[in-house]
Structure formats: C-alpha cells, structure tokens
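Under this note's numbering, residue 312 is the last one in the sequence shown; the count climbs by one each step, no gaps.
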Amino acid sequence: MARDARELAGAWTRYQRHATAAPAPDLARWVEKYWIVSWDYARPYRQKVVPYPNVHLVFRDGGGYVRGVGTGHRIEVLDGVGGLFGVTFRVGAVRAVLDGPVSDLTDRLVDAATLFGQDPPARPDVPTVENYLRRGLPARTDPRAELAALAVARIAAEPGITRVDALADVVGTSVRALQRLFAEYVGVGPKWVIRRYRLHEVTERLAAGTPIDWAGLAADLGYTDQAHLTHDFTGIFGEPPTWYARRY
C-alpha cells in the first residue's frame, strides 16, 4: 500500500510545530505539561496519535473537551491551517473531578464544561488555561492518585518491570488491589501500562536509527518471542515496528 510521503523520514516537521510548557507550581500536582500544536497542510493529512496513560484537556476551534486514555492509536485528520492547545494531566489527577472512576473516560471524549463547570476560553494560552483550571479543580488532590502516579512512574523508569505481579511487589500491594487502583485512577489496567512503556522503548530504539536484534529485544522486554512483540506493537500503534520505523 502506498504511503503518504509526508509521514516518512520526519517530513511532518515541515508542516507542524510543537511546543510544551511547564505548569505553575500550584498546578504541578495536577498538570504534567501543556502542549501546543499548529499545522499548515494544503491537503488533508492523516496524523497517527499513539496513546499514553494520561487524560488530556484539549482546546480547539473555540471549544474544549476532555479525552480519556485511549487503548490504541487513533487518526486525527489535519487540514488547512489550525492548532490545538492541550493539557496533559498527571496520572490519577482527573479522578477528583469525576463522579466515577477514570476508566469511565477510557476511549471517550467529554465536553470540558461538563467536568469543569465553565465554558472554555475562546483564546487559550498558558495564563488563561491556568486560570480556567484554578476555577475548576478542587482544593486538594487524592493521596491514592499519588500512589497511582507513583506506580506508573516506576513502570516508566524501570524496564525490568514486565509483569503485574512484579509491579505489585514494588508498590507494596496485591495484584487485585493494584488492578482496582488503576481502574479508579489511571483508566487502564497495569498490564496495558506496562506493555505501553515497554513498547515505548522500541520506538526510542527506532528513532535512534541503530540496528535492532528483534529476538533479543523481545526477550529483554518480557515477550515470549519476536512474533508476540510484533503483535502487541501492531495492536497499539496500528502497524508493525518495521513499518513504523519508516516514520523516522
């Protein structure tokens, strides 16, 4: 199948601009970062977006929505001149503004005003978005949200964690309790998060452009064989790793 040349060999950088900003100190317990994306495409471009275990607040075209954790990749069609302003929430933080577990948001979009009780700013930038968040967020965070964030941080930082029972031991809880914690505060299970971060290591090696021993890498990441690794990668990224590598 022919591929759009604009997605190959980093060509997207000619059409898009990406920037990030850190939150103010009083919002750092809620917000991981802000991100701003702009684009200019003369004809529609199918942008592949891969998931992480974070909930996002997105402002676009005068409106706003909250996007729950996605369990697989999605396609965003970018056309003409446009842009987004996004808020990446810390793992677990959004539970404080929900009536139920964060898993209720998984693979869903919810109007921002529904959760934050106010219309989104017409011209979002860091100061206006931070004021919006200060008005909509509660005064305190939940200690269990901090535990969920810690568990995900350990997964990200420790490549040797490849099984849920190993993570439970690291966090100091049972597998069942860990699964309940992730459903309530993360939105996806610990097995999914472990798999996602191990596959992130694959994309880092692809981006580095160094030759990869696929069988050895599969074993390092806790997979039974290369076919198992390829199956999981394709399930989340929508294409096998060798196909995905052409994007760099």
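Idealized CB from N, CA, C, for every residue including glycine.
Can you give me the C-alpha to C-alpha distance between residue i and residue j, rounded to a whole angstrom?
{"i": "residue 171", "j": "residue 296", "result": "18 Å"}
{"i": "residue 72", "j": "residue 312", "result": "7 Å"}
{"i": "residue 282", "j": "residue 303", "result": "17 Å"}
{"i": "residue 159", "j": "residue 66", "result": "43 Å"}
{"i": "residue 215", "j": "residue 107", "result": "42 Å"}
{"i": "residue 258", "j": "residue 223", "result": "9 Å"}
{"i": "residue 276", "j": "residue 124", "result": "39 Å"}
{"i": "residue 163", "j": "residue 273", "result": "45 Å"}
{"i": "residue 128", "j": "residue 201", "result": "16 Å"}
{"i": "residue 161", "j": "residue 132", "result": "13 Å"}
{"i": "residue 205", "j": "residue 93", "result": "8 Å"}
{"i": "residue 264", "j": "residue 305", "result": "11 Å"}
{"i": "residue 251", "j": "residue 292", "result": "24 Å"}
{"i": "residue 184", "j": "residue 196", "result": "7 Å"}
{"i": "residue 70", "j": "residue 199", "result": "41 Å"}
{"i": "residue 310", "j": "residue 260", "result": "20 Å"}
{"i": "residue 91", "j": "residue 80", "result": "28 Å"}
{"i": "residue 279", "j": "residue 117", "result": "27 Å"}
{"i": "residue 240", "j": "residue 126", "result": "42 Å"}
{"i": "residue 209", "j": "residue 139", "result": "30 Å"}
Could you name the residues of the same chain whose beta carbon sits closer than 7 Å to that of residue i, not counting the 5 residues immediately before and after it, in chain order?
{"i": "residue 78", "result": "none"}
{"i": "residue 134", "result": "115 and 171"}
{"i": "residue 175", "result": "129"}
{"i": "residue 294", "result": "304 and 305"}
Indicate whether at least one CB of chain B lies closer than 7 Å to the CB of residue i.
{"i": "residue 162", "result": "Checking the listed chains, one finds no chain B in this structure; it contains a single protein chain."}
To which residues of the same chain is residue i closer than 6 Å at the C-beta, ignoring the five residues directly before and after it?
{"i": "residue 142", "result": "103, 105, 109 and 111"}
{"i": "residue 82", "result": "101"}
{"i": "residue 269", "result": "276"}
{"i": "residue 226", "result": "286"}
{"i": "residue 85", "result": "98 and 190"}
Indicate the three-state DSSP secondary structure (helix, strand or coil) for residue i in the structure shown.
{"i": "residue 306", "result": "helix"}
{"i": "residue 96", "result": "strand"}
{"i": "residue 77", "result": "helix"}
{"i": "residue 209", "result": "helix"}
{"i": "residue 83", "result": "strand"}
{"i": "residue 193", "result": "helix"}
{"i": "residue 71", "result": "helix"}
{"i": "residue 262", "result": "helix"}
{"i": "residue 296", "result": "helix"}
{"i": "residue 89", "result": "helix"}
{"i": "residue 222", "result": "coil"}
{"i": "residue 275", "result": "coil"}
{"i": "residue 227", "result": "coil"}
{"i": "residue 281", "result": "helix"}
{"i": "residue 235", "result": "helix"}
{"i": "residue 287", "result": "coil"}
{"i": "residue 200", "result": "helix"}
State the CB to CB distance for the pair residue i and residue j, rounded to an integer number of angstroms; the pair is presumed to be in contact (CB under 8 Å).
{"i": "residue 114", "j": "residue 137", "result": "5 Å"}
{"i": "residue 95", "j": "residue 153", "result": "6 Å"}
{"i": "residue 245", "j": "residue 231", "result": "With 8 Å as the limit, residue 245 and residue 231 do not qualify as a contact, their Cβ atoms being about 11 Å apart."}
{"i": "residue 169", "j": "residue 119", "result": "6 Å"}
{"i": "residue 228", "j": "residue 255", "result": "5 Å"}
{"i": "residue 100", "j": "residue 149", "result": "6 Å"}
Output needed for residue i: all residues of its chain with C-beta closer than 8 Å, excluding positions within five of it in sequence on either side, in chain order.
{"i": "residue 166", "result": "119, 132, 133, 156, 158, 159, 247, 248, 249, 250 and 251"}
{"i": "residue 75", "result": "69"}
Problem set entry | Any beta strand (DSSP E) of 3 or more consecutive residues that is wholly inside the segment 165-191 | 173-175
Exercise. Which parts of the segment 98-178 are runs of the beta strand (DSSP E), unbroken and 3 residues or longer, counting only runs that do not cross its ends?
Worked result: Runs found: 120-124, 127-131, 138-153 and 173-175.
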